[in-house]
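The sequence shown begins at 8 in our numbering and counts up one residue at a time. Glycine included, every Cβ here is placed at the ideal spot set by N, Cα and C. Note that the structure is predicted; figures quoted are calculated from it, not measured. First comes the structure, then the notes that go with it.
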Amino acid sequence: MSTERTLVLVKPDGVNRQLTGQILARIEAKGYRLAELKQVTATRAILESHYEEHVGKPFYEPLVEFMLSGPVVAAIFEGERVIEGFRSLAGTTDPTTATPGTIRGDFGRDWGEKVQQNLVHGSDSPESAEREIGIWFS
Ligand code: DAT
Ligand code: MG
């Protein structure tokens, strides 16, 4: 298995709640290598590209608004099977029911908003990872 890369975003809720360090520490502690790191204020153009697969879904516009509500921290992590490994660390999409021990399960819950404030994004395939890294680290 060759070394993979994945794009991780700490979303505005994670940055605002000052959980960035704890989240990155969990990924490093699992054994993945931090290759790139920056804090960015997303633009609508970046998010329309990043979330193109979700255009037209009911949560799309609230999701973009949420992602524009504050800075995000973007990282590239590397390692064997890091894509599935990070998604396992992150937990399932809905933070209320995400398994305790995961990032979303430990730090997230439903806040009654129209979108899941679930702290992190992680690429879901090698093709998505390369596409998303190109968007955030071009
Ligand atoms: P994931 O982030 O677990 O890969 P996804 O790619 O299906 O999930 O969706 C992207 C984001 O959109 C997700 O992190 C939170 C939001 N979202 C997804 N499904 C939702 C839903 N049913 N209601 C509200 N927000 C949703
Ligand atoms: Mg996804």
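Residue burial is scored here from C-beta neighbours: alanine 36 has fewer than 16 other C-beta atoms within 10 angstroms and is therefore classed as exposed.
In this chain, phenylalanine 66 is not harboured by any alpha helix (DSSP H), its DSSP state being neither H nor E. Assigned with DSSP and collapsed to three states, proline 78 falls in coil, not helix or strand. Within the chosen limit of 7 angstroms, ligand 1 reaches the beta carbon of leucine 70 through at least one heavy atom. Here threonine 13 is buried, its C-beta having at least 16 other C-beta atoms within 10 Å. For proline 102, the three-state secondary structure derived from DSSP is coil. In the DSSP assignment, glycine 21 falls within the alpha helix (DSSP H) that extends over 19-23.
A direct Cα-Cα distance of roughly 11 angstroms separates arginine 138 from tyrosine 58. With distances taken between CA atoms, serine 76 lies nearest to Ala49 out of Ile83, Lys64, Val89, Ala49. Exclusion of threonine 10 from the 7 angstroms shell around ligand 1 follows from its C-beta lying no nearer than that to any non-hydrogen atom of the ligand. Lysine 45 sits away from alanine 97, with the two beta carbons spaced by 8 angstroms or more.
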